[in-house]
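What the sequence shown shows, in the UniProt record's numbering, is residues 1 to 445, in sequence order.
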Amino acid sequence: MKRPGWIVAWASVLAGCVLLWGCNSSGGSGGGGGGGSDPDPTILNVIIDAGGEVDPSSQAVASGEQGSFTIATDVSFVIASIDSQCGGALSGDTYTTDPLEADCTVTIALERLLDPPAALGGEGLDGSIALQWDSVDNADGYSVYFAASPDVFPGMGNVEQQGVSGTSTLVDGLDNGTAYYFIVIATNTDGAESEPSAELSRTPFPTAEIAVNDTGMQDCSDGSTTLQSCPLSSHPNQDAESGRDALAADGTLEKFGGGAAGFDFVKLGANGAVLEDQSATDFACVRDNVTGLYWENKLSNGGLHEANATYTWYDPDPATNGGVAGTQDGGNCNAGPCDTQGFINSVNAADLCGFDDWRLPTVLELQSIVHYGRTTAPAIDLDYFPLVATNDSASQYWTATTFAGNTQLARWVRFSTGHFFDSGGSTKASALRVRLVRASTVTTP
Numbered sequence: 001m002k003r004p005g006w007i008v009a010w011a012s013v014l015a016g017c018v019l020l021w022g023c024n025s026s027g028g029s030g031g032g033g034g035g036g037s038d039p040d041p042t043i044l045n046v047i048i049d050a051g052g053e054v055d056p057s058s059q060a061v062a063s064g065e066q067g068s069f070t071i072a073t074d075v076s077f078v079i080a081s082i083d084s085q086c087g088g089a090l091s092g093d094t095y096t097t098d099p100l101e102a103d104c105t106v107t108i109a110l111e112r113l114l115d116p117p118a119a120l121g122g123e124g125l126d127g128s129i130a131l132q133w134d135s136v137d138n139a140d141g142y143s144v145y146f147a148a149s150p151d152v153f154p155g156m157g158n159v160e161q162q163g164v165s166g167t168s169t170l171v172d173g174l175d176n177g178t179a180y181y182f183i184v185i186a187t188n189t190d191g192a193e194s195e196p197s198a199e200l201s202r203t204p205f206p207t208a209e210i211a212v213n214d215t216g217m218q219d220c221s222d223g224s225t226t227l228q229s230c231p232l233s234s235h236p237n238q239d240a241e242s243g244r245d246a247l248a249a250d251g252t253l254e255k256f257g258g259g260a261a262g263f264d265f266v267k268l269g270a271n272g273a274v275l276e277d278q279s280a281t282d283f284a285c286v287r288d289n290v291t292g293l294y295w296e297n298k299l300s301n302g303g304l305h306e307a308n309a310t311y312t313w314y315d316p317d318p319a320t321n322g323g324v325a326g327t328q329d330g331g332n333c334n335a336g337p338c339d340t341q342g343f344i345n346s347v348n349a350a351d352l353c354g355f356d357d358w359r360l361p362t363v364l365e366l367q368s369i370v371h372y373g374r375t376t377a378p379a380i381d382l383d384y385f386p387l388v389a390t391n392d393s394a395s396q397y398w399t400a401t402t403f404a405g406n407t408q409l410a411r412w413v414r415f416s417t418g419h420f421f422d423s424g425g426s427t428k429a430s431a432l433r434v435r436l437v438r439a440s441t442v443t444t445p
């Protein structure tokens, strides 16, 4: 049966309406303007630092509606800041945005609950290392990690010492002469951990039975100026016939390091580790294995440790300056101020060989490295103390000792000859050279 024409026409309109975007409520096309389709949703993205999670990290939110997500942090972390393009606020562990009209991002920064331990220091002892560090707020304990190679990190097969309750510990069972590397992590009872401290390198050393250096003399004298092999029946019991120098001459002296005659030195790198190649000419410090003293090495690079730099004697502390402070900044150096106190401050600020307790040596400390057995100037082992001048004035090095008979003077050691004077010194305004020293100051925990 043939349908009426108006039915066919209306059916065609409906079919077109379905195929083309749908129809509006008045029966017209929705694409022609004034349609009722929903607007596109906004996209909410959330970015969080390592150590935390958000759920969800991305979501579609209807325009004009609020978005929300939950924040969870590892036990070691807390929220440091929230930077939101979307407005809103955090309540508990849920963050809710303002009503959204456009795509936006929330960025969450985290920070460690515990700061890393600072000022990690230590001392090499016989088969052990004594460590100490500054306390960390809110920490209940500390974990120490170490290895015989650098770049120590937890979980990398390094040796671990957990449950250290104080801010010092003794790591024992170590091999003398091996450089070890240490980090410390702060912990609490909830399981939180800090980032590692700065890495520290230290080397254990054997304890010397006699903590006094010998003179370096290995020849005897017949009363003339000619040195001869020992012993001499006409002049028995001379210095060269006993002590470390005599043992070295006989080939029976056991040394940990090297050095002429009875001396025993090792070279250290800038981080305080013993250099594997002891013939190296590039080193920062020297350890005297007999006295346990550490000595600054001098360089020829025009920098802080320049061998030819000079300094006036200056000590502002009345308890140690003999009543006369001396002269400030009167020397000639490239890294001022050019006085002894200024130089000490600069070297300690630079943590030479990992230490910050360098000072002027006493007369006896500085004289302990004089090599009286040398027949040519200077009177010092040049393999370990290079760049020492051979003439008198340029080889005089300040000591910390004020001359008791005249407090305007301070005493020095002259390495061209090995002389040091009980009867005087130089005025504190004189510009002389300086070699700093340090000694062990860490007590066994």
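Backbone N, C-alpha and C fix where the C-beta goes; we use that ideal spot for every residue, glycine too.
Counting along the chain, I369 sits inside no beta strand (DSSP E), nor does DSSP assign it H or E at all. When secondary structure is reduced to three states using DSSP, N391 falls in the coil class, being assigned neither helix nor strand.
Distance from D288 to P204 at the Cβ level is roughly 16 Å; contact not present, criterion being Cβ atoms closer than 8 Å. When DSSP states are grouped into helix, strand and coil, S149 belongs to the coil group.
Residue burial is scored here from C-beta neighbours: I183 has at least 16 other C-beta atoms within 10 angstroms and is therefore classed as buried. For L247, the enclosing alpha helix (DSSP H) begins and ends at 243 to 250. Here N188 is near D140, since their CB atoms are less than 7 Å apart.
Taken atom to atom, the span from the alpha-carbon of N391 to that of S430 is near 17 Å.
About 5 Å separates the Cβ atoms of R438 and D357, confirming a contact at the 8 Å cut-off. With contacts defined as CB atoms closer than 7 Å, Y372 and M156 fail to qualify as a contacting pair. In the DSSP assignment, F343 falls within the alpha helix (DSSP H) that extends over 340 to 349. Fewer than three pairs of CB atoms, one per stretch, sit closer than 8 Å, so the segment 218 to 236 makes no contact with the segment 193 to 204. Per DSSP, reduced to three states, the secondary structure at C86 is coil, with no helix or strand assignment. Annotation for G243: D214, G262 place their beta carbon closer than 7 Å to its own, counting only its chain and skipping 5 residues before and after.
In the DSSP assignment, G121 falls within the unbroken beta strand (DSSP E) covering 121 to 125. An exposed status is given to V212, since fewer than 16 other beta-carbon atoms sit within 10 Å of its beta-carbon. If the five residues before and after S76 are omitted, its C-beta is found closer than 8 Å to the C-beta atoms of G51, R112, L113, L114, G191, A192, E193, S194, all from its own chain and listed in chain order. Sequence-distant Cβ neighbours of V413 in its own chain, meaning closer than 6 Å and more than five residues away, are L366, Q367, Y397, F420. Boundaries of the beta strand (DSSP E) around Y397: 396 to 402.
Taking the Cα of T399 as reference, the smallest distance to any Cα among A377, V171, T375, S426 is reached at S426.
Between P117 and the set T417, I108, E123, L131, the nearest pair of CA atoms involves L131. The Cβ atoms of L110 and D55 lie no closer than 7 Å to each other. Around the C-beta of D137, fewer than 16 other C-beta atoms lie within 10 Å, and the residue is accordingly described as exposed. Straight-line measurement puts the Cα of G121 at about 14 Å from the Cα of P196. Rounded to whole angstroms, S149 and R359 show a C-alpha spacing of 30 Å. The C-alpha of T401 lies about 11 Å from the C-alpha of Y314.
The bridge partners DSSP lists for K267 are V286.
Pairing I108 with S63, the inter-Cα distance amounts to about 23 Å. Linking N45 to V61 through their CA atoms gives a straight-line distance of about 11 Å. Rounded to the nearest whole angstrom, the C-alpha separation of Q59 and I47 is 12 Å.
Its Cα nearest to that of F355, the residue E296 stands out among N301, E296, I380. Across the set F146, Y142, F153, the C-alpha of Y142 shows the shortest separation from the C-alpha of G166. As the crow flies, the alpha-carbon of A410 is around 20 Å from that of V388. In this structure, V324 lies near T407, with their beta-carbon atoms less than 7 Å apart. Per the coordinates, the alpha-carbon of G418 lies some 8 Å from the alpha-carbon of P378.
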